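**Q**
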Amino acid sequence: MDEKISLVIFTDPMMGLSYECEPIMRKIETHFANRVEFDYVMSGLVRDVYELVDPDELALGKDVAIDRYNARLADVYRAE
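For the sequence shown, position 58 matches number 41 in this note's numbering, and the numbering has no gaps at all.
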């Protein structure tokens, strides 16, 4: 059978849970070798990440706001 299976993955790079399936995807990729392909579709769960940052931190600049937001988000995922 030369036909490939195509898996469509809907994801958002800003959503940490999107990365939790990666170990499974690597197992599928390894097990099925050249018989499977992944098509990633960016779903855009977050329209604009700056709508999620602290307004006081945003006043200090976008780089500061996003760095602090990412640090808080990382703490959440480490705690899970």
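Backbone N, C-alpha and C define an ideal beta-carbon position, used for all residues, glycine too. Everything numeric in this text was worked out from a predicted model, so none of it was measured.
Distance, Cα to Cα, R51 vs L(-10)?
**A** 35 Å
**Q** Does any CB atom of chain D fall closer than 8 Å to the CB of L56?
**A** This model lacks chain D altogether; it includes just one protein chain.
**Q** On a Cα-Cα basis, can you pick out the residue from T13, V47, G(-1), E20 that is closest to E(-14)?
**A** E20
**Q** Could you give the distance in angstroms between the alpha-carbon of P(-4) and the alpha-carbon of E12?
**A** Between P(-4) and E12, the alpha-carbon positions lie close to 20 Å from each other.
**Q** Report all residues from its chain with a CB closer than 6 Å to the CB of N17; omit the five preceding and five following residues, and keep chain order.
**A** If we look at N17 and ignore the five residues flanking it on each side, it has no Cβ neighbours.
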